[in-house]
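For the sequence shown, position 92 (counting from the first letter as 1) is numbered 612 according to this note's numbering, and the numbering increases by one without interruption. Built from N, CA and C at the ideal position, the CB exists for glycine as well. Taking it in order: structure first as structure tokens, then the write-up.
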Amino acid sequence: MAKKSMVQRELKRQRLVEKYATKRAKLKEIATNEDLPMEERFKARLKLAKLPRNSSATRLHNRCQLTGRPHAYYRKLKISRIMLRDLGSMGQIPGMVKSSW
């Protein structure tokens, strides 16, 4: 089980990303538009830099929804390999059977 503080920090980052997504997209569009004057693009870059760092989507890290484990994460199921194995053994995941011979 991951530390609760790390899970909460990740949730806070997720909320910030959602909150600033449209503002960030508009500023990025202005900053990368070659047709606009250099000063306007530079101002957009400065405004983008003033936004919270955790509002960037690249700061997010995938975590298991059941345990909060950050490593060995299966995107399709949104759980870690350990929970995948446990749930598969218990028959909780449809179509998955733990092999034994």
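Asked: Cα-Cα separation, Lys524 to Lys618; Found: 30 Å
Asked: Cα-Cα separation, Arg561 to Gln534; Found: 27 Å
Asked: C-alpha gap between Val527 and Asp606, whole angstroms; Found: 21 Å
Asked: Member of Met616, Lys567 and Val537 whose CA lies at the smallest distance from the CA of Ala551; Found: Lys567
Asked: Ser620 versus Arg583, Arg601, Gly608 and Val537, residue with shortest Cα-Cα distance; Found: Gly608
Asked: Secondary structure, alpha helix (DSSP H): runs of 4+ residues fully inside the stretch 555-592; Found: 558-570
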